[in-house]
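> For the record, the sequence lines run as chains A and B.
Going by numbering that gives the first Met the number 0, the first sequence opens with residue 0, and the numbers climb by one from there.
Going by numbering that gives the first Met the number 0, the second sequence opens with residue 0, and the numbers climb by one from there.
Provided herewith is a single structure, encoded as structure tokens, for subsequent inquiry.
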Amino acid sequence: MKIYYKKKFIFGVIYFLLGLCLLTFGFLKGFDVKQVILSILMPLIGISEMYLSTNREAVKQEKVEERDERNQLIKLTSTDKAFRITREICFIAMLIFLVLGAKLEQVLLMGIGLGLAFSFSLLIFSNLFTTIYYENHI
Amino acid sequence: MRTRVKEFRNKANLTQQQLADLVYVSSRTIISIEKEQYSPSLMLSYRIAEVFATTVEDLCCLKENKELEDKQHEDLL
Chain A
0 MKIYYKKKFI FGVIYFLLGL CLLTFGFLKG FDVKQVILSI LMPLIGISEM
50 YLSTNREAVK QEKVEERDER NQLIKLTSTD KAFRITREIC FIAMLIFLVL
100 GAKLEQVLLM GIGLGLAFSF SLLIFSNLFT TIYYENHI
Chain B
0 MRTRVKEFRN KANLTQQQLA DLVYVSSRTI ISIEKEQYSP SLMLSYRIAE
50 VFATTVEDLC CLKENKELED KQHEDLL
């Protein structure tokens, strides 16, 4: 048996072992619904991942999908869009909390607003630094 | 961007999956190129052109697309 995709195989082994641990833990301490579902699903996912990592055609197909230029563009575009949406939501929530905090004189709301302001400035600076980096490297 | 991928593929009697396998991309990429939703990279265009024994210029209708782009640029001003 040859492993064509080590990362996938390791992922499968980890999932399988975690599933077994959960199963053993369940037998010792008792099961609840969530645990039953997880202890069935996790070993199954682990086994299928291990099997797929040894299947040459499946690995080839997965690697083609990973390297596919359209998929990479989709990944970049969706990450960028998600970043923009997060930044905008962060800005709006910051404004709302700061204004409400000031109006109602609530320190907690002001604190949340300041926390969001910190996150927002972090997003702005990370965007600025990555832009400078790629301006010089592309 | 308009391309002649579908036309060439039909002439060569290839399925989208077969063409995708020949140029190492997913069949979704070929579908998107044929629907003019995605513009292939230079290397992918070259690989597809090689499969159909044609040129990138011919496959990607570069003259037509350039004229279209020029017109759009003129309309900007």
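Note that the Cβ used here is the ideal one computed from N, Cα and C, for glycine as well.
Keep in mind it's a predicted model, so treat the numbers as computed, not measured.
1. Is the region 0–15 of chain B close to the region 33–51 of chain B, with three or more CB pairs under 8 Å?
2. Any C-beta of chain B within less than 9 Å: which residues of the region 62–87 of chain A qualify?
3. May I have the straight-line CA-CA distance separating B:S40 from B:E63, to the nearest angstrom?
4. Flag this pair as touching only if the region 0–8 of chain B and the region 56–71 of chain B have three or more C-beta atom pairs under 8 Å; answer yes or no.
5. To the nearest angstrom, how far is the alpha carbon of A:N126 from that of A:G114?
6. Does B:Y45 get closer than 9 Å to chain A when you measure Cβ to Cβ?
7. Which residues, taken in chain order from the region 13–31 of chain B, show a beta carbon closer than 9 Å to some beta carbon of chain A?
8. Would the beta-carbon of A:Y132 fall within 9 Å of that of A:S52?
9. Tell me, to the nearest whole angstrom, how far the beta carbon of A:F15 is from that of A:P42; I am working on the premise that it is less than 8 Å.
10. How many Å lie between B:S31 and A:E68 at the Cα?
Looking at the coordinates:
1. The answer is yes - the region 33–51 of chain B touches the region 0–15 of chain B, with three or more Cβ pairs under 8 Å.
2. V63, E64, R66, D67, E68, R69, N70, L72
3. 18 Å
4. yes
5. 18 Å
6. no
7. A19, D20, Y23, V24, S25, R27, T28, S31
8. no
9. 5 Å
10. 12 Å
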